[in-house]
Amino acid sequence: MTDNEKTFNSGILTDERPGAVLPPKELWETKKNGLVLIECPQRIPCNPCATSCPTGAVIPFEDINDTPRIDYSKCTGCAMCVAKCPGLACFVADLTWGDKEALLKLPYETLPVPKKGQTVACLNRQGDEVHRTQVVNVAQPWKDRTYVVSVAVPKELVLEVRAVKVV
Amino acid sequence: MSVRTTEILVIGGGPAGLSAAIEAATLGAQVTVVDSDLKLGGQLIKQTHKFFGSKDEYAGTRGYKIADILFDDLRKNADRIEILSDCTATGYYPEDGTVTCMIGEESYFRMQPKKIVVATGAQERLIPFPGNDLPGVYGAGAVQTLMNVYGVTPGDRVLMVGAGNIGLIVSYQLLQAGVQVCGVVEFMPKVGGYWVHAAKIRRLGVPIYLQHTIVEALGERTVTGAIIENLAPDCTPGGKRTTIDCDIICMAVGLAPTCELLWQAGCDMKFIPQLCGHVALRDPSMRTSHPDIWIAGDAAGIEEASSAMVEGRIAGLGAAGACGHGTPEERKERFAHYSERLADLRAGEVGEKIRIGVSAAGVQKWEE
Amino acid sequence: MAMRLIQEHPILDFEHGKKKKVRFTFDGTEMEGFEGEPIAMALHAGGVRIYRETPEMKRPRGFFCAIGKCSSCFMVVDGVPNVRTCIIPLREGMSVETQRGRGEVRSEEERGV
Chain S
238 MTDNEKTFNS GILTDERPGA VLPPKELWET KKNGLVLIEC PQRIPCNPCA TSCPTGAVIP
298 FEDINDTPRI DYSKCTGCAM CVAKCPGLAC FVADLTWGDK EALLKLPYET LPVPKKGQTV
358 ACLNRQGDEV HRTQVVNVAQ PWKDRTYVVS VAVPKELVLE VRAVKVV
Chain U
9 MSVRTTEILV IGGGPAGLSA AIEAATLGAQ VTVVDSDLKL GGQLIKQTHK FFGSKDEYAG
69 TRGYKIADIL FDDLRKNADR IEILSDCTAT GYYPEDGTVT CMIGEESYFR MQPKKIVVAT
129 GAQERLIPFP GNDLPGVYGA GAVQTLMNVY GVTPGDRVLM VGAGNIGLIV SYQLLQAGVQ
189 VCGVVEFMPK VGGYWVHAAK IRRLGVPIYL QHTIVEALGE RTVTGAIIEN LAPDCTPGGK
249 RTTIDCDIIC MAVGLAPTCE LLWQAGCDMK FIPQLCGHVA LRDPSMRTSH PDIWIAGDAA
309 GIEEASSAMV EGRIAGLGAA GACGHGTPEE RKERFAHYSE RLADLRAGEV GEKIRIGVSA
369 AGVQKWEE
Chain L
30 MAMRLIQEHP ILDFEHGKKK KVRFTFDGTE MEGFEGEPIA MALHAGGVRI YRETPEMKRP
90 RGFFCAIGKC SSCFMVVDGV PNVRTCIIPL REGMSVETQR GRGEVRSEEE RGV
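So the sequences go chain by chain: S, U and L.
Residue numbers for the first sequence follow our numbering, so the first one is 238 and each next one is one higher.
Residue numbers for the second sequence follow our numbering, so the first one is 9 and each next one is one higher.
Residue numbers for the third sequence follow our numbering, so the first one is 30 and each next one is one higher.
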């Protein structure tokens, strides 16, 4: 088994694959409010991302075991799926946020719930802190205790930051 | 010892048992549910995470809220369903079909039901290692009970053994309860549970030690640490050992169906690895070789809450039908509907193991 | 000793403040817990993890399965041995003791039956 496979097997996404793809570059760079990134590379019986998407951007599943596929032309970056996914596998990245920074919308279900303006550590997929910043927004779209925390990160960290921690 | 009677006795008030009771009562049967715990709902009431699956199976809804839906249905059938909690079924006597029950620890009575649904769930397995009996070595379900049902801090630093869905989910729940998880130890070269469950805890800094096993629990009177060992791909011992500082070792190494009553009843049993142990053989209506006993849920084979609920419906339907409730058309329609839902739940790749197990446990029709 | 309870949780509301507190003794020491919750929960919250001692090797045992199936948590409660403290409810004034060995089951006369 390669090191890459071993890393993937412990729950770290190492590369794009079906169910874990990046949005098309040109659209992503110009789409206000951002586009969704879903990291769900395994076929499991689950489809709330599709059933919760208000625009059909997450394409309705033919087979509940399918990995999610996205029609980026319909994605509005609303982050409803971010808060609905039982696996916390959906994220939204808005590359139009600033010159050097992008806005990431991440799912959050621990305590303390951060407040707007509060400082948080931005963690990569291994849980290492790679950045620190203030929270831009906190929302609870389904009013069911899953929050969507928005933070601005340097654009080069968009593919790395996947969690925040209050510090 | 006093004797009580009922039409259908459901042993176990978890998702399978409650579903069986609701189904049987809906068809007109008088049902008594006994559950040894203080609260009904089995393991469902401990699940704070959102369920997977599809809308039919309440995907996106937290487990303990799904229990609320069942409790609502119970209330709607209150005139036909009697609930006895803090009540343990202690034995089945085949000579007269009696089930002995115990309220608390000292008050006994005999129950003489017409038909029985055994929905007794499962229990945690343990693997052998020195110190595995020390206080502080707890089953994963036990840790869930402490923190999610009674709001008690389980400990300060937890080592999780097993990276199946239970190990990964309980690790996440521990983080939510403010408890540190020092790591998850997994024997295999990849996590056994859903990849997304692993990703969720990795990004919060929890290491997952693949190809590792626990070789010792440290501590004189309670757990103070653990030693884990890296295994070679062919599982030969002697690899690098790491000492972990922890006060709880949480065992999530598998569940075994709880089947004692079925053995006592003389049901045909078979060891089926895909169902995680000895289980009773059953026909499509979930009836065992004993004409008065049905099974449902983890007691029939380790699976999921969603399938437990559908199996419960099928067993309740079967037991109620055997008591003469429901018209043949009604029962046929309901049976077809539930069977289809069960098949759908088991249809994907992750359902393959279950399909093999269920097939090995299945009997087309019992000969009378 | 202050009970080790989870006061705040991101998903659940325990409402510990609304529960009825009762007093009981553990090996003679006064402790407190919530009425109607399993005895083992009160013990655990109060920092007590050792519930009994095995007959032959005198090894300490505590909580394990929490659903009354494994026998690890047996204690003597109000004189009754082999009580599954993980599911038997706590009541005011209970006397909970570390069980040493197998425990003596009371006869019907002793139980007043």
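We treat Cβ as the ideally placed atom computed from N, Cα and C, and that holds for glycine.
Predicted model only: the values in this text are computed from it and were never measured.
- When 9 Å is used as the limit between beta carbons, L:E37 is near these residues of chain S: L348 and P349, in chain order.
- Taking the beta carbon of S:R280 as reference, the chain U residues within 9 Å of it are G356, E357 and V358, listed in sequence order.
- Of the candidates S:C359, S:I307, S:A294 and S:T383, S:C359 places its Cα closest to the Cα of S:V395.
- By the rule that beta-carbons nearer than 9 Å mark a contact, L:G97 touches chain U.
- Within chain S, the residues E346, T347 and L348 have their CB atoms less than 8 Å from the CB of U:Q184, given in chain order.
- Per the coordinates, the alpha-carbon of U:P281 lies some 48 Å from the alpha-carbon of L:G141.
- For S:Q355, the nearest beta carbon of chain U is not closer than 9 Å to its own beta carbon.
- At the C-beta level, S:A294 and S:I281 stay beyond 9 Å of one another.
- Look at L:E126: its C-beta is not under 9 Å from any C-beta on chain U.
- Taking L:G108 as the centre and dropping the five residues before and after it, the same chain places the C-beta of R135 closer than 7 Å to its C-beta, in chain order.
- At a cut-off of 9 Å between beta carbons, S:R382 contacts chain L.
- Taking a cut-off of 8 Å for Cβ pairs, the segment 84-97 of chain U and the segment 30-43 of chain U touch, as three or more such pairs fall below it.
- For S:I307, the closest Cβ of chain U is not nearer than 9 Å.
- With 16 or more neighbouring CB atoms inside 10 Å of its own CB, S:W334 falls in the buried class.
- Distance from the CA of U:A273 to the CA of U:T56, rounded to the nearest whole angstrom, comes to 36 Å.
- By the Cβ-count criterion, U:W203 is buried, with 16 or more other Cβ atoms from all chains shown falling within 10 Å of its own Cβ.
- DSSP, reduced to helix, strand and coil, places U:E90 within a strand of the structure shown.
- Taking 8 Å as the upper bound for CB-CB distance, U:P265 and U:C243 are not in contact here, some 26 Å apart.
- As summarised for the segment 164-247 of chain U, the continuous beta strand (DSSP E) elements at least 3 residues long and confined to that stretch are 165-169, 188-194, 216-218, 220-226 and 233-238, given in chain order.
- In terms of beta-carbon proximity, U:R70 lines the interface with chain L, with at least one pair separated by less than 9 Å.
- In this structure, S:I275 sits away from S:G248, with a CB-CB distance that is not shorter than 9 Å.
- About 5 Å separates the beta carbons of U:D43 and U:S93, which is inside the 8 Å limit, making them a contact pair.
- Per the C-alpha coordinates, the member of S:K352, S:A330 and S:W379 positioned closest to S:K262 is S:A330.
- Relative to U:M168, the option among U:P299, U:V261 and U:E341 whose CA is nearest is U:V261.
- Just so you know, the alpha carbons of U:T161 and S:R362 end up roughly 27 Å apart.
- One thing to note: U:L176 has its Cβ no nearer than 9 Å to the Cβ of S:N246.
- Pairing U:G201 with U:I174, the inter-Cα distance amounts to about 8 Å.
- Across the segment 321-339 of chain S, CB contacts with chain U closer than 7 Å involve K321, P323, G324, L325 and A326, in sequence order along the chain.
- Under the Cβ distance rule, L:M32 counts among the residues neighbouring chain U, one pair being separated by less than 9 Å.
- Any Cβ of chain S closer than 9 Å to the Cβ of U:V41 would place that residue at the interface, and such an atom is absent.
- When secondary structure is reduced to three states using DSSP, L:Q128 falls in the strand class.
- DSSP places U:R12 inside the beta strand (DSSP E), whose first and last residues are S10 to I19.
- Under the 8 Å Cβ criterion, the segment 125-145 of chain U does not count as touching the segment 77-86 of chain U, having fewer than three qualifying pairs.
- When CB distances to chain L are screened at a threshold of 9 Å, the residues of the segment 143-158 of chain U falling below it are P143, G144, V145, Y146, G147, G149, A150, V151, Q152, T153, L154, M155, N156, V157 and Y158, in chain order.
- Neighbours of U:L46 in chain L, taken as residues whose beta carbon is under 9 Å from its own, are G65, E66, P67, I116, I117 and P118 in chain order.
- Per DSSP, reduced to three states, the secondary structure at L:G62 is strand.
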